[in-house]
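Under this note's numbering, the residues of the sequence shown are numbered 629 to 718, in order. Worksheet: the structure to be examined is printed underneath.
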Amino acid sequence: TTENEEAADVLEAYERLLLDTMRGDHTLFNTAEGIESLWERSAALLEAPPPVRPYAPGSWGPNAIHQLIAPHAWRLPFERAWRGRPPPKP
629 TTENEEAADV LEAYERLLLD TMRGDHTLFN TAEGIESLWE RSAALLEAPP PVRPYAPGSW
689 GPNAIHQLIA PHAWRLPFER AWRGRPPPKP
């Protein structure tokens, strides 16, 4: 119902997780197969982790993040302000 949806909008993360669980929404939970797949995909990173790149507290991360995300055309939210574009409306 609309009332439930409005209530869910203001819940904290764990409250939302519990509410979703009670509603039968398991979207944020993983299956055993999903966990196995995650371990398979993570094994290479665990065996040979990439170097740690320091960055300033409160920042969006090290500059190397741009090389990681640039091929996928994702932009950090704060970049919109630098380009004079208003942030998207909620």
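Backbone N, C-alpha and C fix where the C-beta goes; we use that ideal spot for every residue, glycine too.
Following the DSSP letters along the chain, one finds residue 648 inside the alpha helix (DSSP H) bounded by residues 641 to 651.
In the displayed model, residue 694 falls within a helix according to three-state DSSP. Following the DSSP letters along the chain, one finds residue 667 inside the alpha helix (DSSP H) bounded by residues 660 to 675.
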